[in-house]
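Scroll down for the structure; my scribbles are underneath it.
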Amino acid sequence: MAAFTGASSTTLISPPHISRQCLASTRISGLKMVSFSNSGRSNLPVSFRRLQISCAAKPETVEKVCDIVKKQLALKDDVSVAGDSKFATLGADSLDTVEIVMALEEAFGITVEEESAQSIATVQDAADLIEKLCEKDSA
Amino acid sequence: MAFAMRVKVPPNSATLQEARHRTFDFFRAACRSIPSIMDIYNLYDVVTPSQLRSTIAAEIRKNAHISNPKVIDMLLFKGMEELSNITEHAKQRHHIIGQYVVGNQGLVQDVATKDENISKFLKNFYKTNYF
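Here it is as structure tokens:
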């Protein structure tokens, strides 16, 4: 269904309204493949998009986000930052959250709108938002 | 006097929530202009963008205890003025370095290569009499 090239860009042969080239990533995680192949029936675009977003955040993106969060909040190495850790529980106040979003903007080269920035509460939210914006950029 | 008439001041924030919102907007605007600031004043070897971000956040945090929206608006006005001065190159490199890069100890971090071979004894000796 999809053809992978090892190195630079990958193209997904998929329903036309989702066809995009993810230049930011060099491999597509298995999760995304599963979500596409499950949509044999004719989906409403909205529900399909929801399905994709909820399970599609590449682990390396989450890893990068965790690193940035750790550095920003000056956490010790033994504090574990997982996908579902909220920023508030890690000791970040609202200004810290905004700063983390700005650091992510710089690291990934994206621009986050204000409304989307307000809704970020956990590491997973941030990673999903980054994915969405990366795809939109390279689409 | 003529300049004062030219500047448009937005109306005061009605609530603390709105003032907070404006603070975050100001912080975002400042962070987004960091790349151009580093370009204008050629700060690439001296400081990284994330250090500048922390400095800006620290300045904002210094006044984090204020609860009067009008005072917050005044502080934001001053902050915006400072930011526009910096971005339109009305300041000079040593102003930026002295005000935003140099840390509390009054010394730039050891970026200079001549400091790398200094012994620990000398480092402590320069810092204080009692070690």
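Read top to bottom, the protein sequences are chains A and B.
Just so you know, we're using UniProt numbering here: the first sequence kicks off at 1 and counts up by one.
Just so you know, we're using UniProt numbering here: the second sequence kicks off at 1 and counts up by one.
Think of the CB as a built atom: it goes at the ideal place given N, C-alpha and C, for glycine as much as any other residue.
- Query: Does any CB atom of chain B fall closer than 8 angstroms to the CB of V98/A?
  - Reply: yes
- Determine whether the Cβ of E113/A lies closer than 8 angstroms to any Cβ atom of chain B. no
- Task: Give the residues of chain B in contact with residue 142/A, contact being defined as C-beta atoms less than 7 angstroms apart.
- Result: With chain A covering 1 to 139 only, the question about residue 142/A has no answer from this structure.
- Does the distance from the CB of V9/B to the CB of F77/B come in under 8 angstroms? Closer than 8 angstroms, so yes.
- Item | CB contact check: L129/A to chain B, cutoff 8 angstroms | no
- Query: Within 8 angstroms (strictly less), CB to CB, does A88/A reach chain B?
  - Reply: For A88/A, the answer is no, since every Cβ of chain B falls outside 8 angstroms of its Cβ.
- Message: Comparing C-alpha positions only, which one of V71/B, I60/B, I96/B, Q51/B sits nearest to D93/A?
- Response: I60/B
- Answer yes or no: does any C-beta atom of chain B fall closer than 8 angstroms to that of L95/A? Taking Cβ atoms only, chain B reaches closer than 8 angstroms to L95/A, which makes this a yes.
- Query: So, helix, strand or coil for T122/A, using DSSP?
  - Reply: strand
- Taking only the alpha-carbon atoms, compute the straight-line gap between I86/B and P69/B and give it to the nearest angstrom. Their Cα atoms are separated by approximately 25 angstroms.
- Item | For G98/B, the nearest candidate out of T55/B, I66/B, Y130/B (CA to CA) | T55/B
- Message: Taking 8 angstroms as the threshold (beta carbon to beta carbon), is E135/A in contact with chain D?
- Response: Of the chains in the structure shown, none is chain D; the protein chains are A and B.
- Inspect the CB distances between the segment 41 to 58 of chain B and the segment 114 to 133 of chain A and report whether three or more fall short of 8 angstroms. no
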